[in-house]
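A.B. asks:
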Amino acid sequence: MVRKAAAGGARLVVLPEVWNGPYATAAFGEYAEPCPSVGEDATCSASPSVCALARLAAELSLVIVGGSIAELGGDDKLYNTCLVYDAKGLVAAKHRKVHLFDIDVPGKITFRESDTLSPGGALTTFDAGGAFGLVGVGICYDVRFPELALLMAARGARLLVYPGAFNMVTGPAHWELLMRARAVDSQAFVIGASPARTDAPPAAPPGGAARKYPHYTAWGHSIVVSPWGEVLAHAAEGEALLLLDLEMSRVEEVRASLPTSKQKRPDIYTVKPAGG
Numbered sequence: 001m002v003r004k005a006a007a008g009g010a011r012l013v014v015l016p017e018v019w020n021g022p023y024a025t026a027a028f029g030e031y032a033e034p035c036p037s038v039g040e041d042a043t044c045s046a047s048p049s050v051c052a053l054a055r056l057a058a059e060l061s062l063v064i065v066g067g068s069i070a071e072l073g074g075d076d077k078l079y080n081t082c083l084v085y086d087a088k089g090l091v092a093a094k095h096r097k098v099h100l101f102d103i104d105v106p107g108k109i110t111f112r113e114s115d116t117l118s119p120g121g122a123l124t125t126f127d128a129g130g131a132f133g134l135v136g137v138g139i140c141y142d143v144r145f146p147e148l149a150l151l152m153a154a155r156g157a158r159l160l161v162y163p164g165a166f167n168m169v170t171g172p173a174h175w176e177l178l179m180r181a182r183a184v185d186s187q188a189f190v191i192g193a194s195p196a197r198t199d200a201p202p203a204a205p206p207g208g209a210a211r212k213y214p215h216y217t218a219w220g221h222s223i224v225v226s227p228w229g230e231v232l233a234h235a236a237e238g239e240a241l242l243l244l245d246l247e248m249s250r251v252e253e254v255r256a257s258l259p260t261s262k263q264k265r266p267d268i269y270t271v272k273p274a275g276g
């Protein structure tokens, strides 16, 4: 898929969340890989997922936002981590998911990433070069927090990327809504990259053995949104490649037309007791 994107002229590729293993809390530890630090050459990494993407980026001379994988940190903690690889295979950015996916929708879905994962503690932006300039990175549940998007935009980000795996409950209700909302909030392009949907779980092991991990059905529907909130491209639920040119000058046009970043009132954005 990355090679196909490169053949189509892509200079920046965004992959989905947890693309290299099951999205299950019990699976994160088994599939976790050490991840190099920013600035390191990842083409010789001992971590197979990291090495594969770094070598692709170097071979094809493009930037790869590597979705996310389970990371085994140097502190022996597990993280949901996105590595960005530059056109030489160096690590351009490393984002650990800040807001962990801990939800309980009665009768529909319960999931707790915090059962095995630890949260990241930093805002992540990187310079993608060329027309893209500064790019902000979040992972899935991070998109629900406008503060993160607004801070990345305040840093100068003109494109926000969110590898994410929404499910069949939150996906139809909120996936497109949130991507468009963050685009309007930050007045930046937004890309949401989802795994393709697999409705049927893998075949059960022979002999009546139980499946090792519960099946998680992703919503799919990867999406690209303009700074005006327009949906520029939208995949269906299956495997797909969205390939398009982003007119980055549109960011400046929208920000000049609706200069919300200059019209903020931080003097009143403080929670005070009623009547205070």
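The UniProt record's numbering puts the sequence shown at residues 1 to 276. Using N, Cα and C, we set each Cβ at its ideal position, and we do this for glycine too.
1) If distances are taken between C-alpha atoms only, which option among Arg112, Val91, Lys94, Ala93 comes closest to Phe101?
2) Would DSSP call Ala183 helix, strand or coil?
3) Are the CB atoms of His95 and Cys82 within a distance shorter than 7 Å?
4) I'd like to check one pair, Glu239 with Arg197: are the Cβ atoms closer than 7 Å?
5) Going by other Cβ atoms of all chains shown within 10 Å of its Cβ, with 16 needed for buried, is Ala58 buried or exposed?
6) So within the stretch 13 to 70, which uninterrupted beta strand (DSSP E) runs reach at least 3 residues, ignoring any that extend past its ends?
7) Among Val38, Ser37, Arg55, Pro34, which one has its Cα closest to the Cα of Cys44?
8) For Tyr141, which of Ala256, Ile109, Pro214, Lys97 has the nearest alpha-carbon?
9) My assumption, with CB atoms under 8 Å, is that Gly8 sits in contact with Thr116. Please give the rounded CB distance.
10) Consult DSSP for His215 and reduce its assignment to one of helix, strand or coil.
11) Counting C-beta neighbours from all protein chains within 10 Å, is the total for Tyr162 16 or more, i.e. buried, or is it exposed?
12) For a minimum of 3 consecutive residues, which ranges assigned as the beta strand (DSSP E) are wholly contained in the stretch 80 to 132?
13) Do you know how far the Cα of Thr25 is from the Cα of Leu50?
14) Within 8 Å, do at least three Cβ pairs link the stretch 154 to 172 to the stretch 117 to 137?
15) State the DSSP-derived secondary structure class of Ala209, mapped to helix, strand or coil.
16) Have a look at Arg11, Pro16, Pro22 and flag the residue whose alpha-carbon is nearest the alpha-carbon of Tyr213.
17) Should Ala157 and Ala188 be called a contact, given that it needs their Cβ atoms to be closer than 7 Å?
18) Taking the alpha carbon of Asp104 as the point to measure from, which residue in Asp127, Val65, Asn167, Gly73 has its own alpha carbon closest?
19) Would you kindly report the start and end of the unbroken beta strand (DSSP E) that includes Val251?
C.D. replies: Answer, in terms of the structure:
1) Taking the first residue of the sequence shown as 1, we reach residue 101 at position 101. In terms of Cα proximity to Phe101, the closest of Arg112, Val91, Lys94, Ala93 is Arg112.
2) What you label residue 183 is simply residue 183 of the sequence shown in a count that begins at 1. DSSP places Ala183 within a helical segment (H, G or I) once states are collapsed to three.
3) Translated into positions along the sequence shown, residue 82 becomes position 82. Translated into positions along the sequence shown, residue 95 becomes position 95. Taking 7 Å as the cut-off, the Cβ atoms of Cys82 and His95 count as close.
4) As a first step, residue 197 is located in the sequence shown; it is residue number 197 there, counting from the start. As a first step, residue 239 is located in the sequence shown; it is residue number 239 there, counting from the start. Not a contact, by the Cβ cut-off of 7 Å.
5) Residue numbering aside, residue 58 sits at position 58 when the sequence shown is read from its first letter. Ala58 should be labelled buried.
6) Listed in chain order, they are 63 to 65.
7) Translated into the one-based positions of the sequence shown, residue 44 becomes position 44. Selected option, being the one with the closest Cα: Arg55.
8) Translated into positions along the sequence shown, residue 141 becomes position 141. Per the Cα distances, Lys97.
9) Numbered from its first residue, the sequence shown carries residue 8 at position 8. Numbered from its first residue, the sequence shown carries residue 116 at position 116. Actually they are not in contact, since the Cβ atoms of Gly8 and Thr116 sit about 37 Å apart, beyond 8 Å.
10) The residue you call residue 215 lines up with position 215 of the sequence shown. Of the three classes helix, strand and coil, the one that applies to His215 here is coil, per DSSP.
11) For the purposes of this step, residue 162 is taken as residue 162 along the sequence shown, with counting starting at 1. In summary, Tyr162 is buried, with 16 or more beta-carbon neighbours lying within 10 Å of its beta-carbon over all protein chains present.
12) 91 to 96, 102 to 105, 109 to 112, 125 to 127
13) Stepping through the sequence shown from its first residue, residue 50 is reached at position 50. Stepping through the sequence shown from its first residue, residue 25 is reached at position 25. According to the sequence shown, residue 50 is Val rather than Leu. Computed Cα separation, rounded: 21 Å.
14) yes
15) Sequence index remark: in the sequence shown, residue 209 carries index 209 (1-based). Caution is warranted here: a pLDDT of 48 is assigned to Ala209, below 50, making its placement in the model unreliable, and the coordinate value is therefore given only provisionally. Ala209: coil per DSSP, three-state reduction.
16) Position 213 of the sequence shown holds residue 213. Ranked by Cα distance from Tyr213, the first of Arg11, Pro16, Pro22 is Pro22.
17) As a first step, residue 157 is located in the sequence shown; it is residue number 157 there, counting from the start. As a first step, residue 188 is located in the sequence shown; it is residue number 188 there, counting from the start. Yes, Cβ-Cβ distance for Ala157 and Ala188 is below 7 Å.
18) Sequence index remark: in the sequence shown, residue 104 carries index 104 (1-based). Residue Asn167 is the option with its Cα nearest to Asp104.
19) As a working note, residue 251 is residue 251 in the sequence shown. Counting along the chain, Val251 falls outside any beta strand (DSSP E), though it belongs to the alpha helix (DSSP H) covering 249 to 257.
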